[in-house]
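Below: the structure, in structure tokens.
Protein chains in written order, with my numbering: chain A, 1 to 367; chain B, 368 to 563.
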């Protein structure tokens, strides 16, 4: 029972502050997304939403001197968030019934979410099965891959049941094309799918799937996944249009035809096949055209992302210099007492142990 | 006949006097015992001295001996318990970055003629007891107790707790770990400032 109590207490002590911090961070990014909807570009917004996903996997104890966790008004999102103590028994031997129920609910939800994710992946895998594409198409694909700087070109298949082109497979990606692809459509389609491969979007999506399994209850996890799925399509559109150069108009025509094919399709959309409504968004984004200064855009994206990561990702209160000194002193005090080189006494050892415990585990909630 | 009756009456009276005296002699220890018992149970002047603690206080704790002194703030509430026999402290705050709550019960043992205290808190599972008396000036209550240290296996190390009354609205508690040595024994200090 003690082990279960410690396990459940640790689970809650980790998950609850993390969920609160991720919600706060996602709200901030959502606000920025709305503010930047006209002036922002897909790469920037994609980077911001990736940070939301990152917030879910970073420890809730993450602190930095630049972090918002040092602002008293924001410290509510810090480690000892109020949520932690609502139901928690923390390190007590027997977990409360409410906490056990919550843990069981979370576990059940995660199992269901995992099962659904696996089913989705299997369905997608089945949908992209098909015959190898003709040699001419393979050559075009290899040429497109070279233009995008890819060392290897994934194999091409023609999948009968597929309404649009997509790429599937983590370790060995396969580009699947629908049966009827017009000659002028092929290159734009391939450039778009190869852009996904170059950007490693499949890995990103797999990681986001795993995130949604663990945080199945958290709307911000699903929102981040959905928004990232939209944004990476826009990013790949930009890559494809840039690679097509003066023939960028053909890309818009390809998108329109893809939308026409998709209207009325009830089949599952595996991988990266965008729905018709999303294609409208993509067309609108393309209308705005690529930015004039890609280097400036890249630098701005890096700067904004770095700034947000430095300020808003670390939500726990950073240790001051005095805190760090005290933690160091506490460690050496215990070490010297244990090796017998000093006799600091019961009280100081006790306080030193408390100081170290405060750094390594969330404060035990008072029952 | 008259003589016999008189003798019997005198003997009877004598027996009554003897028995009464014997009874009175037997009852004296009981009454003395009862008196002592009552004195031991009834709060007295020493208990009235504890009134100095009663009230709401802000606390500032300073932990010493690990680099720079580590300061933290909290609150304490001292209230009477059981018709003036005991006082009880409820304290809360933060110690070494951890939330902290504690309780202490203090009183005066009339029989042993010592102040006694027992404390429990959220930092440990040990009941910490101490006992002692006021100094000559009656401005400092000096108590001694024992503590253990599970990390090193030390048991029953003596500490000294000094409650110093710096006026009606300020109490300073110093705790000295006497097992450390003769100098630099102060391990923490709590300054109580009365709520206005």
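Backbone N, C-alpha and C fix where the C-beta goes; we use that ideal spot for every residue, glycine too. Being a predicted model, the structure only gives us computed values, none of them experimental.
Item                                                                                                                                                                                                         : Value
Note down the Cα distance separating residue 381(A) from residue 456(B), rounded to an integer number of angstroms.                                                                                          : Here chain A comprises residues numbered 1 to 367, so residue 381(A) is not present and cannot be evaluated.
Would you please verify whether the beta carbon of residue 524(B) is less than 8 Å from any beta carbon of chain A?                                                                                          : yes
Does the beta carbon of residue 465(B) sit closer than 8 Å to a beta carbon anywhere in chain A?                                                                                                             : yes
Using a cut-off of 9 Å between C-beta atoms, extract the partners of residue 60(A) located in chain B.                                                                                                       : Near residue 60(A) there are no residues of chain B at all, since even the closest Cβ is about 15 Å away, more than 9 Å.
Rounded to whole angstroms, what is the Cα-Cα separation between residue 154(A) and residue 174(A)?                                                                                                          : 5 Å
I'd like to know if residue 519(B) contacts chain A, where contact means its C-beta is closer than 8 Å to some C-beta of that chain.                                                                         : yes
Leaving out five residues on either side along the sequence, give the residues of the same chain with a beta carbon under 6 Å from the beta carbon of residue 410(B).                                        : 451 and 452
Check the Cβ-Cβ distances between residue 514(B) and every residue of chain A, and say whether any is below 8 Å.                                                                                             : yes
Can you give me the start and stop residues for the beta strand (DSSP E) that residue 216(A) sits inside?                                                                                                    : Unbroken run through residue 216(A): none, as it is neither H nor E.
Would a check of beta-carbon distances place residue 16(A) closer than 8 Å to chain B?                                                                                                                       : no
Could you tell me which uninterrupted alpha helix (DSSP H) segments, each at least 4 residues in length, are contained entirely in the region 128-167 of chain A, listed from first to last along the chain? : 135-147
Below 8 Å between beta carbons is the criterion; list the residues of the region 334-345 of chain A that meet it against any residue of chain B, in chain order.                                             : 334, 337, 338, 343, 344 and 345
Looking only at C-alpha atoms, which of 44(A), 4(A), 5(A) and 62(A) sits nearest to residue 312(A)?                                                                                                          : 62(A)
Could you give the distance in angstroms between the alpha-carbon of residue 338(A) and the alpha-carbon of residue 554(B)?                                                                                  : 19 Å
Name, please, each residue of chain B whose Cβ falls closer than 9 Å to the Cβ of residue 168(A).                                                                                                            : None at all; the shortest Cβ gap to chain B is about 49 Å.
Alpha carbon to alpha carbon, how far is residue 158(A) from residue 144(A)?                                                                                                                                 : 18 Å
Can you give the Cα-Cα distance for residue 172(A) and residue 125(A), rounded to whole angstroms?                                                                                                           : 12 Å
With which residues is residue 531(B) paired in a DSSP beta bridge?                                                                                                                                          : 507(B) and 539(B)
Which residues, in order along the region 203-217 of chain A, keep a beta-carbon less than 9 Å from a beta-carbon of chain B?                                                                                : none
Under the three-state reduction of DSSP, which class applies to residue 193(A): helix, strand or coil?                                                                                                       : helix
Can you list, in chain order, the residues of the region 426-451 of chain B whose Cβ is nearer than 9 Å to any Cβ on chain A?                                                                                : 430, 431, 432, 433, 434, 435 and 437
For the region 527-544 of chain B against the region 398-410 of chain B, do three or more pairs of beta-carbon atoms, one drawn from each stretch, fall closer than 8 Å, so that the two count as touching?  : no
Output yes or no for whether 8 Å exceeds the beta carbon distance between residue 47(A) and residue 300(A).                                                                                                  : no
For residue 192(A), count the other beta carbons within 10 Å of its own beta carbon; 16 or more makes it buried, fewer makes it exposed. Which is it?                                                        : buried
Give me whichever residues DSSP pairs with residue 470(B) in a beta bridge.                                                                                                                                  : 457(B) and 487(B)
By the three-class DSSP mapping on this structure, what secondary structure does residue 429(B) have?                                                                                                        : strand
Cα separation between residue 348(A) and residue 51(A)?                                                                                                                                                      : 42 Å
Can you tell which of 60(A), 141(A), 100(A) and 164(A) has its C-alpha closest to the C-alpha of residue 127(A)?                                                                                             : 164(A)
Just grab the DSSP bridge partners of residue 500(B) for me.                                                                                                                                                 : 509(B)
Do we get a CB-CB distance below 8 Å when we pair residue 544(B) with the residues of chain A?                                                                                                               : yes
Is any heavy atom in the ligand NAP found nearer than 7 Å to the beta carbon of residue 195(A)?                                                                                                              : Absent from the structure shown: the ligand NAP. Ligands present: none.
I need the straight-line Cα distance from residue 517(B) to residue 350(A), nearest angstrom please.                                                                                                         : 9 Å
Excluding sequence positions up to five away, which residues of its chain have a Cβ less than 8 Å from the Cβ of residue 252(A)?                                                                             : 283 and 286
What is the rounded straight-line gap between the Cα of residue 514(B) and the Cα of residue 495(B)?                                                                                                         : 7 Å
Pull up the distance between the alpha-carbon of residue 129(A) and that of residue 176(A), whole angstroms please.                                                                                          : 8 Å
Would you identify the three-state DSSP class for residue 550(B), choosing helix, strand or coil?                                                                                                            : coil
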